[in-house]
Structures are given as structure tokens and as C-alpha cells.
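This report concerns only the one structure given below.
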Amino acid sequence: MELVFFYSFHGNFPSKGICICARPRSSHSLLFATSHFDGNISGGKIRILVMLILEYSHENLGFCCIFRSSDLDSEHIWLCSYVISDAINIVSVCYVVALLQCMSLCCLFPDLIPPSVCNLLNSSTIYANNEVSLAEVDIYGFDYDYTLALYSDALNTMIYNTARDFLIEHFKYPEGIRKYDYIPNFAARGLHYDIQKGLLMKIDAFHYIQLGTVYRGLNPVPDEEVLRLYGGTHHVPLHQVSGFYGKGPKVKQFMDIFSIPEMTLLAVANDFFISNDIEYDPEHLYKDVSEAIGMVHIKGYMYKWIMQDLEKYILGGDETYAVLHRLVSHGKKLFLITNSPFSFVDKGMRYMVGKDWRDFFDVVIVQADKPHFFNDCVKPFRRLDGNGDLQWDKINSLDKGQIYKQGNLYDFLRLTGWRGSSVLYFGDHLYSDLADLMLRHGWRTGAIVPELDLETKVVNTEQYAQSLTWLQALTGLLERMQMHRDSQSREVLQDWLKEREELRLRTKNLFNPQFGSIFRTCHNPTYFSRRLCRFSDVYMASISCLLNYDLSYTFYPRRTPLQHEAPLWMDQLCTGCMKTPFLEEMAHIR
Numbered sequence: 199m200e201l202v203f204f205y206s207f208h209g210n211f212p213s214k215g216i217c218i219c220a221r222p223r224s225s226h227s228l229l230f231a232t233s234h235f236d237g238n239i240s241g242g243k244i245r246i247l248v249m250l251i252l253e254y255s256h257e258n259l260g261f262c263c264i265f266r267s268s269d270l271d272s273e274h275i276w277l278c279s280y281v282i283s284d285a286i287n288i289v290s291v292c293y294v295v296a297l298l299q300c301m302s303l304c305c306l307f308p309d310l311i312p313p314s315v316c317n318l319l320n321s322s323t324i325y326a327n328n329e330v331s332l333a334e335v336d337i338y339g340f341d342y343d344y345t346l347a348l349y350s351d352a353l354n355t356m357i358y359n360t361a362r363d364f365l366i367e368h369f370k371y372p373e374g375i376r377k378y379d380y381i382p383n384f385a386a387r388g389l390h391y392d393i394q395k396g397l398l399m400k401i402d403a404f405h406y407i408q409l410g411t412v413y414r415g416l417n418p419v420p421d422e423e424v425l426r427l428y429g430g431t432h433h434v435p436l437h438q439v440s441g442f443y444g445k446g447p448k449v450k451q452f453m454d455i456f457s458i459p460e461m462t463l464l465a466v467a468n469d470f471f472i473s474n475d476i477e478y479d480p481e482h483l484y485k486d487v488s489e490a491i492g493m494v495h496i497k498g499y500m501y502k503w504i505m506q507d508l509e510k511y512i513l514g515g516d517e518t519y520a521v522l523h524r525l526v527s528h529g530k531k532l533f534l535i536t537n538s539p540f541s542f543v544d545k546g547m548r549y550m551v552g553k554d555w556r557d558f559f560d561v562v563i564v565q566a567d568k569p570h571f572f573n574d575c576v577k578p579f580r581r582l583d584g585n586g587d588l589q590w591d592k593i594n595s596l597d598k599g600q601i602y603k604q605g606n607l608y609d610f611l612r613l614t615g616w617r618g619s620s621v622l623y624f625g626d627h628l629y630s631d632l633a634d635l636m637l638r639h640g641w642r643t644g645a646i647v648p649e650l651d652l653e654t655k656v657v658n659t660e661q662y663a664q665s666l667t668w669l670q671a672l673t674g675l676l677e678r679m680q681m682h683r684d685s686q687s688r689e690v691l692q693d694w695l696k697e698r699e700e701l702r703l704r705t706k707n708l709f710n711p712q713f714g715s716i717f718r719t720c721h722n723p724t725y726f727s728r729r730l731c732r733f734s735d736v737y738m739a740s741i742s743c744l745l746n747y748d749l750s751y752t753f754y755p756r757r758t759p760l761q762h763e764a765p766l767w768m769d770q771l772c773t774g775c776m777k778t779p780f781l782e783e784m785a786h787i788r
């Protein structure tokens, strides 16, 4: 296969459409594509990116371009050219003049669209990072918040409003901050916050800041300023400035959904001080906002709101019941480990599952204090009676029907004997719920990522497919053409680079105008995505996805090509960019 042809010309062709034909000289088959336009092709320099799928051949290639005017009886204009060899300067040779929309190409040549954007993604799918056989899993464990219980966006608004009021009334912040309402789609999970500089940003898997996603307050920071602030680079040494759990001391990573209101409040407070030209210390601001958010949880406000209006805040209760019932009916053992208090969990589970919800679980542990529950052995288990009151007896076994508080994983393993890959635990927080279980104890882990609902909808859109396909094609052309040094070629390359950046921005904005997808930067996985792959065997939008699979099902991760392996992207095959460009020229050195 070959992806070819660029040319520019001067002239004025009244045109309503273009037809491009191509034929390998050794073949009798003729391939063609058409594109239609309203109005005229304007005079001056008109650029062409003709993406024709041709039979791959090292032989000479012939093709032509037909400009068709609005009057079908008018004369056709033919421009012809031949590719003499693979090494010829593609830019400087007169190839073809045309302008094709990516939409036409995607429809004519569906092979250009990579498998990940083939309109088949389903948000009810379970995605595998590691091979997992459910037939080998006998014990299923669950977190509660954003795992068994999913919450509506109304909860984020309440958390934000209450924490904002705490800032004003308890920490004596200016009254003007109260005018800022919650911005639902401003922040996204997985972002990093530079505590000293007051910057919210997205960082990729290699610890590089994605330029264009750095915000001070509610406004983006110019790329030049970002480079100046970080000493001429956009690399952040996270191993020096942030611990394993992403909590600082200099950079904080926001990993759970509960942190979205906190990020928004940080941005709003920064914006207030900046826009009103008030001097402030970003570190003090971060500390105060964190405490204000913490007060919402510690003082029990969030628990009270949800318990008072379960229908408003809790989503998908019927599906939670269906998952638990199905697992138990197949003889699986279940346990619950959550940081939330018993009264809150009991109210929510009664709403979703019924008053006998505890019959589903062999072990129930509340106020576990994760992640410390998983990585130290300090706190012993305590038992709660049916009213949630603390008992003082020593715990020698973890019994069904009882409620336990605190404790630690080491005692849990000793008392239950549940170890290794026979245990699959689900949670939404990659650090607090999953990291230690995966790295230290060999449990299977499942990450709950509700954002998959939105992300898969975007990926399934025609606009995304077209943008990504064209972006991949441009990247391949840039890689193939970069060795041409004449002035016309350099001008063309600069135009392509500019268009590539425009496509990147357009694709990012489909997900979130400020920060884009939580899984990708322009071309790399995000830091969040890398952690998701490292700490979870499987991931999904909700535990209801389990209902779509047999309990003996095996999840197989797809083998994706490494850079040195056979390419699967069409742009690499078509542009020949996997070839070594200066192999013959440098042969004398060898």
C-alpha cells in the first residue's frame, strides 16, 4: 500500500468537484476517489493531501486528476504525472492538484480508520490490561463509594458549594468568591496540581506536561510561560516532588472522582485573587481548600445529603443488586472494604439492594482507613453491633453477618485465608483501592472508571474518527517527508505541522475543552492511564458490566504492537515511514 501525493499550484479553476484516479503500472485495476465542493476553488496556492489507497508496488505508478466544472459539458482538465522511483523527491515533482475532505476518504477507504475508532466501542465492555479468568476467581471484594454506589453530578455541586462557603465563613476568605458557581465540566480526574505555583495541569506517562492544558485559575497559561516556570522544559520530576500515592509535598495528583470539586474550587479561588490583583500565597490557598473539602467529609455533610435524598444522588441501584445476586447464586464469596461509616453504607445498601443486603457478604468492613488498611498492620479489627455501636471483644475470626471497623489486610488474610489470584477486588481509586493489592499481595484488581461512558461515546463519533484518521495520516506524511530540505518542501512541512496541531486541539476539545481525555495526551497515555494499566487487571465503567459476561469468561488483553514490531496503523504502511530514510546514503560509513 502507498499513501502519496502532494502538490501546489497557481490558477483559478471554477469547480464543483474533483475526481482522482490512480493505477499501478503493473495492474489493470483503477482506483478512484471523488470529493464535491460548493463554490470555486480559489486562485493562488492550493494545497493537496491526496490519500489514495493503492496496491503497494515498487514499480512506476501512474495517476491523474480530473477537475470537473459545474457545467458537465465543459472540457475536463487533466493533470498527469508518474512516480519514477520510491526515492524521488515527492514534493518537488509535479504530482496532482486536489483538495479532499477526510470524510470522503474515510467513507471510501474504511481501512484508514484504526480499529480503536471503528464505531464498535461499548461502554458496557470490560477492558483487560492483564489476562484474567473469572473461572479462577472465587472471592469478589468491593469498595462502596463510586463502586457499589455511583453518584449523580449533583453531589459534586453540593460538595463544591459547601466547601466554598467554608472558605468564606471559617477561613475568612473574601465574600467575592461566593459569586463563583460550580463549573461541571471544568476539571477532570487524574490532573496534577503544582502546589507552589498554583497550576493545574495534565501530565503524560513520561512525566511531561501536555502544553495547552496548564491552568492558573480559570485561564490557560501560555506555553512559553510554562517552559519558563519549569526551567526551559515541560518535564516534571514526579519522583522528587510527589510521593507514590500522589499527595505531594510539591505536586498533588487528584485520582478520585471526589476530587473534582476540589480542583474546581482551587481554580476558582486562584482566579478570584488573580483577577482582583490580590497578593496571596498559593501554598496557603491549597492547604485551606484541602481542609475545606475535608470538612465536608469529616463533618458528615456528604453522608447527610445522600441519606436524606437517596433517589437524587445514587445511580444504578438495581444493577448493583443484580450483580451481587448473580455472584452469590454462583457460589462466590463476597466482601466489602470501605472507608465510609456503617450508618451511611447501610442506608445506601438498603436502598439499592434491600434490607437483607448483609446476607450477600461474608465479610463487611467499614471505616477501613485505606490505603493504610492495605499497607500496615497497626490497627486491629473492632466489631460493631447491629446499631453501629463499637464493641470491645477481641476479634479471632471474621464472621458473616457481623460488621467490622478498621483493621488491616494482614489480619484479614490471616483470618480468611483469601489470597492471590482467587480474589478480585473492585475500586475506583487507583492508589487507595488497588495499588497495594496488585503490587504487594497479588490480588486481581478491577478499576471502576465511570468516565468511560463519555469517552467511548466521543470515540464512537464520526467527527473523532475522521479527525484521528487525518491526524495519523498527517503524522505519517511528516515522518516520510522530513528529509526533503528545499524551500518548498520546508514550507509544506510547516503547513502540515500547523494543521497537525490544529487537529490535536480539535480532538482534545471533543472530550474536555480544558484538559481533553483522561486517558491520553496528544499522542502518549496520560499519567493516570499509565497507573490504570499498572494497578488494574481489568477496568470498566461500572460493576454492572459484569452482567454481560459469563462467570467462567476469560479476559484476554489485546497484543498491541511495540514500536519495533510490525505496524498496524495504516499511515505507517501507506507512507512507508517505517523505512530507513538515509540507508543508502549512509552505507559508506558502515
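Under my numbering, read the sequence shown as residues 199 to 788, first letter to last. From the three backbone atoms N, C-alpha and C, an ideal C-beta is built for every residue, glycine too.
{"Query": "Using a Cβ-Cβ cutoff of less than 8 Å, which residues in the same chain neighbour PRO723 once the five nearest sequence positions on both sides are dropped?", "Result": "ASP402, ALA403, PHE717, CYS731"}
{"Query": "By the 10 Å Cβ neighbour count, where 16 or more other Cβ atoms means buried, how is ILE496 classified, buried or exposed?", "Result": "exposed"}
{"Query": "What's the gap between the Cα of GLN299 and the Cα of VAL690?", "Result": "Here the model assigns GLN299 a pLDDT of 35, short of 50, so the residue's position is not dependable and the matter cannot be decided."}
{"Query": "For PHE384 versus THR323, is the C-beta distance shorter than 9 Å?", "Result": "no"}
{"Query": "Below 8 Å, how does it come out for the stretch 328–338 and the stretch 433–451: are there three or more Cβ pairs, yes or no?", "Result": "no"}
{"Query": "Compare the beta carbon distance of LYS510 and SER740 with 9 Å and say whether it is the shorter of the two.", "Result": "no"}
{"Query": "Using alpha carbons as the reference points, say which of ASP587, MET547, LYS531 lies closest to GLY615.", "Result": "LYS531"}
{"Query": "Measure the beta-carbon distance from LEU397 to ASN658 and round it to whole angstroms, keeping in mind my assumption that it falls under 8 Å.", "Result": "In fact, because the Cβ distance is near 33 Å, the residues do not count as touching under 8 Å."}
{"Query": "May I ask which residues mark the beginning and end of the alpha helix (DSSP H) holding VAL424?", "Result": "421–427"}
{"Query": "Give the secondary structure of ALA490 by DSSP, where H, G and I count as helix, E and B as strand, and everything else as coil.", "Result": "helix"}
{"Query": "Taking the alpha-carbon of LEU676 as reference, which of SER665, TRP694, GLU649, PHE364 has the nearest alpha-carbon?", "Result": "TRP694"}
{"Query": "Is it a yes or a no for the stretch 375–383 touching the stretch 496–506, going by three-plus beta-carbon pairs under 8 Å?", "Result": "no"}
{"Query": "Between which two residues does the alpha helix (DSSP H) containing VAL526 stretch?", "Result": "515–527"}
{"Query": "To the nearest whole angstrom, what separates the beta carbons of TYR428 and VAL419, a pair I think is in contact under 8 Å?", "Result": "Contact doesn't hold; Cβ gap of about 11 Å is too wide."}
{"Query": "From ILE593 to ARG581, what does the alpha carbon distance come to, in whole angstroms?", "Result": "7 Å"}
{"Query": "Beta carbon of ALA465, beta carbon of TYR501: below 9 Å?", "Result": "no"}
{"Query": "What's the C-alpha gap between VAL526 and ALA663?", "Result": "41 Å"}
{"Query": "Report the rounded CA-to-CA distance for LEU310 versus PHE533, giving the unit in angstroms.", "Result": "Annotation note: pLDDT 43 at LEU310 (below 50); position unreliable, no value reported."}
{"Query": "On a CA-only basis, which of GLU699, PHE340, TYR737 is nearest LYS568? Give me that one, please.", "Result": "PHE340"}
{"Query": "In chain order, what residues of the same chain have a beta carbon less than 8 Å from the beta carbon of SER473, not counting five sequence neighbours either side?", "Result": "GLY415"}
{"Query": "What would DSSP say about LEU508, mapped onto helix, strand or coil?", "Result": "helix"}
{"Query": "Could you check whether THR411 and LYS655 sit closer than 9 Å to each other, using their CB atoms as the reference points?", "Result": "no"}
{"Query": "How is VAL412 classed by DSSP in three states: helix, strand or coil?", "Result": "coil"}
{"Query": "Looking at PHE542 and the ligand NAD, is the gap between the Cβ and the nearest heavy atom below 8 Å?", "Result": "The model on display carries no ligand, and the ligand NAD is accordingly not part of it."}
{"Query": "Could you give the DSSP three-state label for ALA220: helix, strand or coil?", "Result": "Annotation note: pLDDT 41 at ALA220 (below 50); position unreliable, coordinate value reported separately. Three-state result, ALA220: strand."}
{"Query": "Does any CB atom of chain D fall closer than 9 Å to the CB of ALA386?", "Result": "The displayed structure is made up of one protein chain only, and chain D is not part of it."}
{"Query": "In whole angstroms, what is the alpha-carbon distance linking GLN712 and ARG426?", "Result": "21 Å"}
{"Query": "Taking the beta strand (DSSP E) that THR643 belongs to, which residues open and close that run?", "Result": "642–646"}
{"Query": "Please report how far the alpha carbon of CYS720 lies from the alpha carbon of GLY625, in whole angstroms.", "Result": "28 Å"}
{"Query": "For the alpha helix (DSSP H) that ARG181 lies in, which residues bound it at each end?", "Result": "For residue 181 there is no data in the structure shown, the boundaries of the chain being 199 and 788."}
{"Query": "From the DSSP output, in three-state form, read off MET461 for me.", "Result": "helix"}
{"Query": "I need the DSSP call for HIS226, collapsed to helix, strand or coil.", "Result": "The predicted position of HIS226 is uncertain, since its pLDDT is 36 and thus under 50; no value can be drawn from it."}
{"Query": "How many Å lie between VAL736 and LEU632 at the Cα?", "Result": "11 Å"}
{"Query": "Since VAL656 is in the alpha helix (DSSP H), which residue starts that stretch and which ends it?", "Result": "650–657"}
{"Query": "Leaving out the 5 sequence neighbours to the left and right, which residues in its chain are closer than 7 Å to THR360 when beta-carbon positions are compared?", "Result": "VAL494, TYR499"}
{"Query": "Exposed or buried, which one is PRO447 when buried takes at least 16 other CB atoms within 10 Å?", "Result": "exposed"}
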